[in-house]
């Protein structure tokens with residue numbers, strides 16, 4: 408209907424909704440195509456149209472946000488980083504500094520550029536406070552990556568303080584689709600510290616949000632397997648039914664299945680996938696379990712990241 412009417416504003420909103428539907432159905436690559444089309448509609452909108460005004464600015468900002476999220480799901484972290492840099496410059500131009508410093512948190516986190524993630528997280532916190540602390544649930548998962556890095560590096564007190572700060576930026580977080588992303592990040596730190604039961608409890612009580620469904624369910628399955636939870640098989644099946652084309656989630660699910668079935672081949676496949684998408688931390692986690700030379704390489708990777716070795 409939007410195509411028939413030909414209104415750019417209506418069409419960009421329709422494409423936005425269709426992208427979210429693709430996520431829910433595990434069609435992440437199609438979501439990238441829809442968002443690419445949305446950006447093209449915005450760029451080609453007639454100058455006389457309302458999109459040439461403030462509406463254009465807001466639509467472009469949101470479309471860039473969606474593109475970053477879509478590319479993270481397909482494992483195209485480098486391409487996502489280029490869009491994140493573009494979005495950051497747009498925010499700087501608009502004078503929305505806290506948003507500008509948030510834009511690249513997820514891409515640098517997944518790519519293992521952790522010192523940059525920490526620097527940008529600190530700047531975000533400063534600018535968010537300077538802006539009067541506006542509620543921003545949409546940014547919680549990205550901001551929470553700082554808490555994960557601090558936790559992986561061994562400072563659990565500061566990690567917990569950062570997670571508490573992150574919850575504080577969104578009073579309505581429990582009702583937000585971002586809550587599962589933040590819970591996923593916290594639980595993964597617990598797994599790194601060899602507290603899978605704690606991670607399983609976190610994730611069993613959590614709600615599955617739209618934004619983080621697949622990468623939430625895969626670590627949930629891993630936590631259940633590691634804690635020998637009786638519902639581990641059910642958790643793995645649920646994750647398998649939901650991961651779709653989400654490569655990061657696929658890698659974690661393969662690792663969880665490999666642990667459950669004592670299947671080294673699955674662990675190696677998980678390692679290879681994470682290496683392919685340039686996600687060094689999760690690659691190291693999988694390599695650590697493979698053992699031998701892969702474990703030695705994982706140890707060096709943890710050292711480069713500044714992370715402690717996984718507690719055994």
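Residue numbers (my numbering): 408 to 719.
All residues carry an ideal CB built from backbone N, CA and C; glycine is no exception.
Bear in mind the structure is a predicted one, so any value in this text is a computation, not a measurement.
Per DSSP, the unbroken alpha helix (DSSP H) holding residue 552 starts and ends at 547-559. Three or more beta-carbon pairs separated by less than 8 Å link the stretch 582-598 to the stretch 553-568, which places the two stretches in contact. Taken in chain order, the complete alpha helix (DSSP H) segments of 4 or more residues contained in the stretch 471-506 are 484-501. Here residue 588 really is in contact with residue 548; their C-beta atoms are around 3 Å apart, less than 8 Å. It is roughly 7 Å from the alpha-carbon of residue 443 to the alpha-carbon of residue 474.
Note on residue 586: 16 or more other CB atoms within 10 angstroms of its CB, so buried under the neighbour-count rule. With a beta-carbon spacing of about 6 Å, residue 449 and residue 470 fall inside the 8 Å limit used to define contacts.
Relative to residue 526, the option among 550, 538, 503 whose CA is nearest is 550.
A distance below 7 Å between beta-carbons, with the five flanking residues on each side excluded, links residue 500 to no residue of its chain.
In this structure the stretch 428-447 lies against the stretch 480-490, because at least three pairs of beta carbons, one per stretch, are closer than 8 Å. Per the coordinates, the alpha-carbon of residue 540 lies some 12 Å from the alpha-carbon of residue 506.
Contact check for residue 603 and residue 653: beta-carbon distance about 22 Å, past the 8 Å limit, so the pair fails to qualify. Excluding five sequence positions before and after residue 686, the CB atoms of its chain that fall closer than 6 Å to its own CB belong to 517, given in chain order. Contact between residue 697 and residue 716 does not hold, since the beta-carbon distance rounds to 15 Å and is not under 8 Å. For residue 656, the closest C-alpha among the options 684, 562, 534 is that of 684. For residue 608, the three-state secondary structure derived from DSSP is helix.
For residue 514, the enclosing alpha helix (DSSP H) begins and ends at 512-517.
In the same chain as residue 538, and ignoring 5 residues on each side of it, the C-beta atoms closer than 6 Å to its own belong to 505, in chain order. Runs of alpha helix (DSSP H) with 4 or more residues, each lying fully within the stretch 624-673, are found at 639-649, 654-668, listed in chain order. With fewer than 16 other CB atoms across the displayed protein chains lying within 10 angstroms of its CB, residue 410 is exposed. Residues of the same chain with a CB within less than 7 Å of the CB of residue 569, apart from the 5 flanking positions on each side, are 553, 554, 557 in chain order. Closest in alpha carbon position to residue 463, among 408, 610, 416, 659, is 416.
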